[in-house]
Amino acid sequence: MSTPALPTRLPAVGTTVFTRMSQLALEHGAVNLGQGFPDFDCDPQLVELVSRAMRAGHNQYPFMSGVPALREAIAAKIERLYGRRYDDAAEITVTAGATQAIMTAILCSVHPGDEVIVIEPAYDAYLPAIALAGGVAVPVSMQVGEQGYSVPWERVAAAVTPRTRMIVVNTPHNPTGSILREADLEALAAIVDGSEILVLSDEVYEHMVFDGVPHASVARHPALAERAFVVSSFGKTYHVTGWKVGYVAAPAPLMLEFRKVHQYNVFTVNTPMQHGIAAYMQDPAPYQELPAFYQNKRDLFRAGLAGSRFELLPASGTYFQCVRYDAISDLPEAEFAAWLTAEAKVAAIPVSAFYSRPQESGVVRFCFAKKDETLRKALASLAKL
Numbered sequence: 053m054s055t056p057a058l059p060t061r062l063p064a065v066g067t068t069v070f071t072r073m074s075q076l077a078l079e080h081g082a083v084n085l086g087q088g089f090p091d092f093d094c095d096p097q098l099v100e101l102v103s104r105a106m107r108a109g110h111n112q113y114p115f116m117s118g119v120p121a122l123r124e125a126i127a128a129k130i131e132r133l134y135g136r137r138y139d140d141a142a143e144i145t146v147t148a149g150a151t152q153a154i155m156t157a158i159l160c161s162v163h164p165g166d167e168v169i170v171i172e173p174a175y176d177a178y179l180p181a182i183a184l185a186g187g188v189a190v191p192v193s194m195q196v197g198e199q200g201y202s203v204p205w206e207r208v209a210a211a212v213t214p215r216t217r218m219i220v221v222n223t224p225h226n227p228t229g230s231i232l233r234e235a236d237l238e239a240l241a242a243i244v245d246g247s248e249i250l251v252l253s254d255e256v257y258e259h260m261v262f263d264g265v266p267h268a269s270v271a272r273h274p275a276l277a278e279r280a281f282v283v284s285s286f287g288k289t290y291h292v293t294g295w296k297v298g299y300v301a302a303p304a305p306l307m308l309e310f311r312k313v314h315q316y317n318v319f320t321v322n323t324p325m326q327h328g329i330a331a332y333m334q335d336p337a338p339y340q341e342l343p344a345f346y347q348n349k350r351d352l353f354r355a356g357l358a359g360s361r362f363e364l365l366p367a368s369g370t371y372f373q374c375v376r377y378d379a380i381s382d383l384p385e386a387e388f389a390a391w392l393t394a395e396a397k398v399a400a401i402p403v404s405a406f407y408s409r410p411q412e413s414g415v416v417r418f419c420f421a422k423k424d425e426t427l428r429k430a431l432a433s434l435a436k437l
């Protein structure tokens, strides 16, 4: 007997570029600056707090919405940083990473035929989530100039139709390293004012904004916060991407619908890690110190490429640095990234992989969330090109 044919729900999805480039890096013994995760350990105290929670017996299902102590800590942090108080019982849900939060927010909001405006280049989880919900993604490309990437809000406004259900924003932005500022929030608020359009704000790099600039969270803007799912990630903040623990904050009516889906697509999240993170959050220093920590790595990486043939684009946030390479090669981005991995022994990600339709701009993305010695090894090769 043969296996029954299964029509795909995601015909455009294959092996991700991150998997392909990581495999290529392994084959060539290259320094992997492609996939976005640290190669250093988290704070041992955080591990100890999780272990302590296990030994204390916190090993069974927690509340579907998350451990109360963690939800309270999240609400307190948001209020302290952004001035909005979310009800920890009704407006905060702990998720299995930010990707699950994004998927759930889209599944609970978007109905077949609804349109979702996505600003590209974009994190690769947005489009599959929209497709699974039966929605229609409406891409709007960022513009890039001397000041780096920015959102053309007039094009976003022009993309709005009566079928628009949601606008997805991401700040600090993966893959470009750009950030939204107060003027951007005002522009977005003007677009959605008087409509039923929801906002999904992906803010997983909220604590990686550089040069003394405050993070422009949608939670800061009352009119936007009233219609927004705000998503963040402990994996990014505490260097534990493999733990897959994140959260979403939203007004109670939106959260009610979010939890209806959440309880069936994941139900709840790792119990001892929630308790450990809740205890760790009592000290704000780890996330308060994160901007300086990553700014130092950004500056090390940029200094190492300053005399090279790469053109550095601005990197205002995240742990990614985008570069133009047209002085080195005229290869398409994917081919150049493969060549770079094989010949220079450094893996990068082509920014063209973050678009729904082929779009070449001669830009690749490096991840600098690595040990300084890892970065120096990569820079020694890249500077020779």
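Going by this note's numbering, the sequence shown opens with residue 53, and the numbers climb by one from there. Cβ atoms here follow ideal geometry from the backbone N, Cα and C, with glycine treated the same way.
Between which two residues does the alpha helix (DSSP H) containing residue i stretch?
| i | result |
| --- | --- |
| S161 | G149 to S161 |
| I243 | E234 to V244 |
| E100 | P96 to R107 |
| L308 | A304 to N317 |
| F345 | L342 to L357 |
| L252 | Careful: L252 lies outside any alpha helix (DSSP H), inside the beta strand (DSSP E) at L250 to D254. |
| V208 | W205 to A211 |
When DSSP labels each residue in this structure, what does residue i get in the three-state scheme?
| i | result |
| --- | --- |
| A268 | coil |
| M218 | strand |
| P402 | strand |
| S285 | strand |
| R137 | coil |
| V261 | strand |
| N322 | coil |
| E412 | coil |
| G229 | coil |
| Y332 | helix |
| L2 | Shown here, the chain extends from 53 to 437; a query on residue 2 therefore has no answer. |
| F418 | strand |
| T145 | strand |
| S74 | helix |
| V196 | strand |
| A280 | strand |
Which residue from the options puts its Cα closest to that of residue i?
| i | options | result |
| --- | --- | --- |
| V300 | V292, A277 and E172 | A277 |
| V212 | Q195, V168, P204 and E255 | V168 |
| V203 | H291, N348, A174 and V119 | A174 |
| L250 | R361, Q75 and A242 | A242 |
| Y257 | L357, M218, A435 and T289 | T289 |
| P366 | G298, A344, P274 and D351 | D351 |
| A105 | M116, D263 and A121 | A121 |
| D95 | E131, A210 and D335 | D335 |
| A302 | V99, D140, F115 and L85 | D140 |
| Q326 | S103, T67 and L392 | S103 |
How far does the beta strand (DSSP E) with residue i in it extend, from its first residue to its last?
| i | result |
| --- | --- |
| V190 | V188 to S193 |
| F92 | Where F92 is concerned, there is no enclosing beta strand (DSSP E), given that its DSSP letter is neither H nor E. |
| A301 | G298 to A301 |
| I380 | Run containing I380: none; DSSP gives neither H nor E here. |
| I182 | Premise fails: I182 lies in the alpha helix (DSSP H), Y178 to L184, not in any beta strand (DSSP E). |
| D166 | Looking at the DSSP string, D166 is not in any beta strand (DSSP E), and its letter there is neither H nor E. |
Thinking residue i and residue j are a contact (beta carbons under 8 angstroms), I'd like their distance in whole angstroms, please.
| i | j | result |
| --- | --- | --- |
| A127 | R137 | 7 angstroms |
| D254 | F406 | Not confirmed; about 13 angstroms, so no contact. |
| L101 | Y332 | 5 angstroms |
| R354 | G414 | That pair is no contact at about 19 angstroms. |
| G359 | A153 | G359 to A153, Cβ: 41 angstroms. No contact. |
| A389 | M194 | Contact doesn't hold; Cβ gap of about 20 angstroms is too wide. |
| G328 | L98 | 6 angstroms |
Tell me whether residue i counts as near the ligand FAD, meaning its Cβ is closer than 6 angstroms to at least one heavy atom of that ligand.
| i | result |
| --- | --- |
| S202 | Looking for the ligand FAD in the displayed structure turns up nothing, as the structure carries no ligands at all. |
With three or more C-beta pairs closer than 8 angstroms as the rule, is the stretch 365-377 touching the stretch 220-229? yes
Is the stretch 277-290 touching the stretch 142-151 in the sense that three or more CB pairs, one from each, lie closer than 8 angstroms? Output reads yes: the stretch 277-290 touches the stretch 142-151.
Below 8 angstroms, can you find three or more Cβ-Cβ pairs linking the stretch 300-309 to the stretch 375-383? Touching, no.
Per the contact definition of three or more C-beta pairs closer than 8 angstroms, is the stretch 104-121 in contact with the stretch 74-91? Contact fails: fewer than three Cβ-Cβ distances are below 8 angstroms.
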